[in-house]
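This report concerns only the one structure given below.
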Amino acid sequence: MAAQGFRTDSIVLTGGLTRTPESGQIVSDVFGVAVTVPATAVEGCAWGSAVLAKYLSHTTSATLSRELPTPWPEFLGQVAAQRQSCTFLPNPEVRDIYESMFVKYKRMLDLHTQIERVMNGSGEVPP
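Numbering-wise (the numbering used here), the sequence shown opens with residue 210 and increments by one.
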């Protein structure tokens, strides 16, 4: 991501990958940053929809009772305070292994491109 110009301080992992507990640690080791897996990670989209529905219910109730509804940022803060998450920190020893593997992977891609050119007749055989 850094090579693409993205500064990454941390990653929030959601979706089906979070069903494998080790995935958070692997992603942390590969990217070298803290990875947080929210308690609602597997059903993130459904959870977001439920939060919006809860806020709509809250604002409707407040309006009907002539009260001011809680502002959205404050409401989200209250919801977030109730959630539990798990954070993984990168293991420097393992991080070095992944970095070495990535360097080899990039070299392999370069070689594959050369092989492809030779096989397609559009390149010379490398020495």
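Heads up, the beta-carbon is just placed ideally off N, CA and C, and yes, glycines get one too.
Since the model is a prediction, treat every value here as computed from it, not as a measurement.
#### Entry: Supposed close pair S221, P247 - CB separation, criterion 8 Å
Walking along the sequence shown from the start, residue 221 turns up at place 12. Walking along the sequence shown from the start, residue 247 turns up at place 38. First, the amino acid is wrong: residue 221 is Val here, not Ser. With a beta-carbon spacing of about 7 Å, V221 and P247 fall inside the 8 Å limit used to define contacts.
Are the CB atoms of D218 and V239 within a distance shorter than 9 Å? Counting from 1 along the sequence shown, the entry for residue 239 is found at position 30. Counting from 1 along the sequence shown, the entry for residue 218 is found at position 9. Not in contact: V239 and D218 (Cβ atoms no closer than 9 Å).
*F284 versus Q291: straight-line alpha-carbon distance, rounded*: Taking the sequence shown and counting its residues from 1, the one referred to as residue 284 is at position 75. Taking the sequence shown and counting its residues from 1, the one referred to as residue 291 is at position 82. The straight-line gap from Cα to Cα measures roughly 11 Å.
Worksheet entry | Extent of the continuous alpha helix (DSSP H) to which S237 belongs | As a working note, residue 237 is residue 28 in the sequence shown. Where S237 is concerned, the enclosing alpha helix (DSSP H) stretches over 231-240.
Outcome for S237 when other beta-carbon atoms lying within 10 angstroms are tallied against a minimum of 16 = As a first step, residue 237 must be located in the sequence shown, where it is residue number 28. Flag for S237 reads buried.
- Out of curiosity, what's the CA-to-CA distance linking S309 and N300? Within the sequence shown, the letter at position 100 stands for residue 309. Within the sequence shown, the letter at position 91 stands for residue 300. For S309 and N300, the gap between their C-alpha atoms comes out near 14 Å.
**Asked** In the DSSP assignment, what residue or residues form a beta bridge with P247?
**Response** Start at 1 with the first residue of the sequence shown, and residue 247 comes out as number 38. Partner(s): S294.
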